[in-house]
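A.B. asks:
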Amino acid sequence: MIKSKKKLIFLFIIISICSYLILSYSIKFYFSESTNFKLSEPDELSNLSKIEFNDSDGVNYIISDFRGKMILMNLWATWCLPCRVEMPSLDNLQKEIGDKNFQVVIVAVERTAYSEIDKFLKEIAIENLKNYHDPTTMLGQHINAKGLPVTLLINKKGKEIGRFDGPLEWDSKEVMDYLTKLKELNN
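For the sequence shown, our numbering assigns the number 1404 to the initial residue and increments by one for each residue that follows.
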């Protein structure tokens, strides 16, 4: 009985180590493939004026509330590992290039309570991003998101001008230079 218990424990440890190594390699591979930044262009400039979401105080927002500034809208969820990993880089992007003409807007697309989302953002020290939320999860459907995270670049008129599916290091030099140039062109 003791030998079989030891074998089970040993087997469990081996499986755990293998799972960890496979998962670590998969995440590293996934992110290394996505560092070559290129926004895909929408087939047509889609008007996103009817997209609704709200903040943790329950105030409703639509894209036109941000009219006059270019926004990088990131749809994410607390259960999405790639979303969680890229969140600090979005926070840093807002800190570095966010201003009256450019804003990073993160929208949690999930039914989780605001308090849980706020708690997660505090745990990972997000300081420069406001918590927006779509508890109906309709936002992802409205923009035809294939998965999370998905990030939209929206011009000053509220039109989608680019999209990036998947995680990215948003505060990398390449991405920040690209967005800074776009920001200058949109002024």
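All C-beta atoms in this analysis are idealised placements derived from N, C-alpha and C, irrespective of residue type, glycine included.
In whole angstroms, what separates the C-alpha of V1507 from that of L1524?
C.D. replies: As a first step, residue 1507 must be located in the sequence shown, where it is residue number 104. As a first step, residue 1524 must be located in the sequence shown, where it is residue number 121. Looking at the two C-alpha atoms, the distance is approximately 15 Å.
A.B. asks: What distance in whole Å lies between the Cβ atoms of V1510 and L1542, which are believed to be in contact at a cut-off of 8 Å?
C.D. replies: Position 139 of the sequence shown, counting from 1, holds the residue named residue 1542. Position 107 of the sequence shown, counting from 1, holds the residue named residue 1510. That belief holds up - the Cβ atoms of L1542 and V1510 are roughly 6 Å apart, short of 8 Å.
A.B. asks: Considering just the uninterrupted stretch of the alpha helix (DSSP H) at V1488, what are its terminal residues?
C.D. replies: The residue labelled residue 1488 in the question sits at position 85 within the sequence shown. Counting along the chain, the alpha helix (DSSP H) containing V1488 begins and ends at L1484 to I1500.
A.B. asks: Three or more C-beta pairs closer than 8 Å, one from the region 1521 to 1535 and one from the region 1562 to 1575: is that the case here?
C.D. replies: no
A.B. asks: How long is the line joining the alpha carbons of Y1464 and F1456, rounded to whole angstroms?
C.D. replies: As a first step, residue 1464 must be located in the sequence shown, where it is residue number 61. As a first step, residue 1456 must be located in the sequence shown, where it is residue number 53. For Y1464 and F1456, the distance between alpha carbons rounds to 5 Å.
A.B. asks: If I follow the unbroken alpha helix (DSSP H) through Y1521, where does it start and stop?
C.D. replies: Looking up residue 1521 in the sequence shown gives position 118. Reading off the sequence, residue 1521 comes out as Asp, not Tyr. Run containing D1521: Y1517 to E1526, per the alpha helix (DSSP H) assignment.
A.B. asks: Under DSSP, the alpha helix (DSSP H) around T1583 begins and ends at which residues?
C.D. replies: Looking up residue 1583 in the sequence shown gives position 180. That run of the alpha helix (DSSP H) goes K1576 to L1588.
A.B. asks: Alpha carbon to alpha carbon, how far is D1458 from K1533? Give it in angstroms, no decimals.
C.D. replies: Counted from its first residue, the sequence shown places residue 1533 at position 130. Counted from its first residue, the sequence shown places residue 1458 at position 55. One C-alpha to the other measures close to 8 Å.
A.B. asks: DSSP on K1549, reduced to helix/strand/coil?
C.D. replies: As a first step, residue 1549 must be located in the sequence shown, where it is residue number 146. It is coil, neither helix nor strand.
A.B. asks: Looking only at DSSP bridge pairs, what is A1511 linked to?
C.D. replies: For this step, residue 1511 is matched to residue 108 along the sequence shown. Per the DSSP secondary-structure output, A1511 pairs in a beta bridge with W1479 and H1536.
A.B. asks: Using C-beta distances below 8 Å, list every residue in its chain close to T1540, excluding the 5 sequence neighbours before and after it, in chain order.
C.D. replies: Counted from its first residue, the sequence shown places residue 1540 at position 137. The residues are V1512, E1513 and R1514.
A.B. asks: Which residues share a DSSP beta bridge with Q1506?
C.D. replies: Taking the sequence shown and counting its residues from 1, the one referred to as residue 1506 is at position 103. Answer by DSSP bridge pairing, in chain order: I1474.
A.B. asks: What is the DSSP secondary structure of G1569, reduced to helix, strand or coil?
C.D. replies: On the sequence shown, residue 1569 is found 166 positions in, with the first residue counted as 1. G1569: coil per DSSP, three-state reduction.
A.B. asks: Among the residues of its own chain, which have a CB less than 8 Å from the CB of E1587, if the five just before and after it don't count?
C.D. replies: The residue you call residue 1587 lines up with position 184 of the sequence shown. There are no such residues.
A.B. asks: Exposed or buried, what is V1462 when buried is set at 16 or more other beta-carbons lying within 10 Å of its beta-carbon?
C.D. replies: Working through the sequence shown from its first residue, we reach residue 1462 at position 59. Counting Cβ neighbours within 10 Å, V1462 comes out exposed, since fewer than 16 surround it.
A.B. asks: Whose C-beta lies closer than 6 Å to the C-beta of A1516 among residues of the same chain, with five residues either side of it excluded?
C.D. replies: Position 113 of the sequence shown holds residue 1516. So the list is empty, once near-sequence residues are dropped.
A.B. asks: In this structure, how does DSSP classify I1529 when only helix, strand and coil are distinguished?
C.D. replies: Here the question's residue 1529 lines up with position 126 in the sequence shown. It is coil, neither helix nor strand.
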